[in-house]
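Colleague:
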């Protein structure tokens, strides 16, 4: 796929990785629908940077924990971008540190509803549009290395991201050949904002490449999966080698 002139929707594009992906797609030539929920200021900043790169940006706020709102997001994004959608990047999510004994029904549902269920319903709403995309549509889901290794204080997060990996495979099998579906699993790229310097040093030292990654590493992986015509159902791990340590 040539990304120039394509219409893309990025969820969770008001901050962190989602913001970097949205701006990266604009740099590659895409018009971008910027989804946000709790970060209106960040969404505006993302849209501004997209426009500064000469591409169209549309703001599409929505609470994706509402399945109906999630299903309606892609049609709203397509309408805002001129009636079409070629690319969906599911990036919205949360990562909550919580001892397993303290996990409640509410905190469990809060994570799973946004990190996993919303991905499915946003994709479901996008399917007719992506099937109509010239040359085939693309979906990229943002997973996490937590999908492949247990993190004692992030159980619901790890479970949600493991679900994203299987959702990616299931959608890829179901939607082929018209739509490719892949995932990117970042590792130590953007650490939680609450982590201190000691935590950063510990993570860096335990990463085989001996450094943290950057949002650009994730953007590069997403771009590769969007441009590829012969990759579907895979999860590309971008973690500096943490899974092999």
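In our numbering, the protein residues as written are 1 to 245.
C-beta atoms are modelled at their ideal positions from N, C-alpha and C, and glycine is treated no differently.
Predicted, not measured: the structure shown is a model, and the values here were computed from it.
1) One question on the structure: do residue 69 and residue 63 come within less than 7 Å of each other, judged by their Cβ atoms?
2) Please report how far the alpha carbon of residue 91 lies from the alpha carbon of residue 218, in whole angstroms.
3) CA-CA distance, residue 116 and residue 60?
4) Keeping to the same chain, check which residues put their C-beta closer than 7 Å to that of residue 26; ignore five residues upstream and five downstream.
5) Would you mind sorting residue 209 into buried or exposed? The rule is 16 or more other CB atoms within 10 Å of its CB.
6) For the beta strand (DSSP E) that contains residue 31, what are its first and last residues?
7) For a quick check, are the C-beta atoms of residue 184 and residue 142 less than 7 Å apart?
8) By DSSP's criteria, residue 111 is part of a beta bridge. Which residues make up the other side?
9) Three Cβ pairs or more, each shorter than 8 Å: is that satisfied between the region 3-12 and the region 82-91?
10) Give me whichever residues DSSP pairs with residue 17 in a beta bridge.
11) CA-CA distance, residue 100 and residue 5?
12) Give the DSSP-derived three-state secondary structure of residue 96 in the structure shown.
13) Determine the closest residue to residue 3 out of 192, 238 and 229, with distance taken between C-alpha atoms.
14) Among 199, 40, 236 and 152, which has the Cα closest to the Cα of residue 186?
15) To the nearest angstrom, how far is the alpha carbon of residue 47 from that of residue 202?
16) Do the CB positions of residue 162 and residue 150 come within less than 7 Å of each other?
17) From the DSSP output, in three-state form, read off residue 183 for me.
Modeller: Result, derived from the coordinates:
1) yes
2) 11 Å
3) C-alpha of residue 116 to C-alpha of residue 60: approximately 20 Å in a straight line.
4) 32, 50, 53 and 55
5) exposed
6) From DSSP, the beta strand (DSSP E) with residue 31 extends over 31-34.
7) yes
8) Its beta-bridge partners do not exist; DSSP assigns none.
9) yes
10) Its beta-bridge partners do not exist; DSSP assigns none.
11) Taking the straight line from one Cα to the other gives about 46 Å.
12) DSSP places residue 96 in coil when its eight states are reduced to three.
13) 229
14) 236
15) Using only the alpha carbons, I get a separation of about 35 Å.
16) no
17) strand
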